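K.L.:
This is the structure I have questions about; it appears just below.
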Amino acid sequence: MKAYCRSIEGALDCDSSDSWLPVGNAVKTAHGRRASVYLVLSLQVKGFRNPFLATSFTVNRPIGWVTFVFQTSCVGDCGFYFLERPRSVSRPIILAEWNGTVSRRSYNFPVLRSSATVFEWVFIRSQLTDSQFYRMEDIALDEATIFLINVTNTVDGGASTCSSCARDDEFE
Numbered sequence: 001m002k003a004y005c006r007s008i009e010g011a012l013d014c015d016s017s018d019s020w021l022p023v024g025n026a027v028k029t030a031h032g033r034r035a036s037v038y039l040v041l042s043l044q045v046k047g048f049r050n051p052f053l054a055t056s057f058t059v060n061r062p063i064g065w066v067t068f069v070f071q072t073s074c075v076g077d078c079g080f081y082f083l084e085r086p087r088s089v090s091r092p093i094i095l096a097e098w099n100g101t102v103s104r105r106s107y108n109f110p111v112l113r114s115s116a117t118v119f120e121w122v123f124i125r126s127q128l129t130d131s132q133f134y135r136m137e138d139i140a141l142d143e144a145t146i147f148l149i150n151v152t153n154t155v156d157g158g159a160s161t162c163s164s165c166a167r168d169d170e171f172e
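Residues 1 to 172 (the UniProt record's numbering) make up the sequence shown, in order.
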């Protein structure tokens, strides 16, 4: 997994330490006051295979699954997005999105292609309205937490049990 951040304006850069951080057995977005960045957690998958299925995959019979458990807590309209960046497509595909505070929930995505891909979880802090700004609401409190990510039927195989999150200095 890889964590990084990008500026929405494009010209300003941001420090990757302002991105996703391991906290116990979860990863959380770092607190910060910049509303103009998006925080990305990225997972590259070399491909999928399921020896029990033919080559045509459907939502009811996918080649694999991506399941994750998450929550968000925001002062306003923050955004949490689940994206895919297949090699065959130049732009990311938004697979799911949520806005504002979202209580802890699970999301399941059926994988329908066997090719290599990158999955991304993206968090954008609230863009405050004038009245929220004048009430001094603090977007530094906006955060997203991912408690679990499970990807099935990868060509690399996988783990039989969950591993604890890496220490801060091991997390990329």
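Glycine included, each C-beta is placed from N, C-alpha and C at the ideal position.
Bear in mind the structure is a predicted one, so any value in this text is a computation, not a measurement.
What's the gap between the Cα of residue 169 and the Cα of residue 123?
P.N.:
Any reading at residue 169 needs caution, since the residue's pLDDT is 49, under 50, leaving its predicted position unreliable; the model's value is listed next. Answer to the nearest angstrom: the Cα atoms are 22 Å apart.
K.L.:
How would you write the range of the beta strand (DSSP E) that residue 105 sits in, first residue to last?
P.N.:
Residues 102–111.
K.L.:
Just the Cα atoms here: how many angstroms apart are residue 88 and residue 76?
P.N.:
Looking at the two C-alpha atoms, the distance is approximately 35 Å.
K.L.:
Going by DSSP, what residues sit across from residue 99 in a beta bridge?
P.N.:
Its beta-bridge partners are 79.
K.L.:
What's the gap between the Cα of residue 114 and the Cα of residue 49?
P.N.:
So the two alpha carbons sit approximately 6 Å from each other.
K.L.:
Using a 10 Å radius around the Cβ and a threshold of 16 neighbouring Cβ atoms, would you call residue 155 buried or exposed?
P.N.:
So residue 155 ends up on the exposed side.
K.L.:
Since residue 98 and residue 80 are thought to touch, with beta carbons under 8 Å apart, how far apart are those beta carbons, to the nearest angstrom?
P.N.:
Correct: roughly 5 Å between the Cβ atoms.
K.L.:
For residue 148, which of helix, strand or coil comes out of DSSP?
P.N.:
Looking at residue 148 - three-state DSSP - the assignment turns out to be strand.
K.L.:
In whole angstroms, what separates the C-alpha of residue 54 from that of residue 110?
P.N.:
Distance between the alpha carbons of residue 54 and residue 110: 16 Å.
K.L.:
What three-state label does DSSP hand residue 53 in the structure shown?
P.N.:
Coil at residue 53, not helix or strand.
K.L.:
Any idea what DSSP makes of residue 117, helix, strand or coil?
P.N.:
Strand at residue 117.
K.L.:
What does the alpha-carbon distance come out to for the pair residue 72 and residue 45?
P.N.:
Looking at the two C-alpha atoms, the distance is approximately 25 Å.
K.L.:
List the endpoints of the continuous beta strand (DSSP E) containing residue 6.
P.N.:
First-last of the beta strand (DSSP E) with residue 6: 2–7.
K.L.:
Which first and last residues belong to the beta strand (DSSP E) in which residue 62 is found?
P.N.:
First-last for residue 62: undefined, no H or E at that position.
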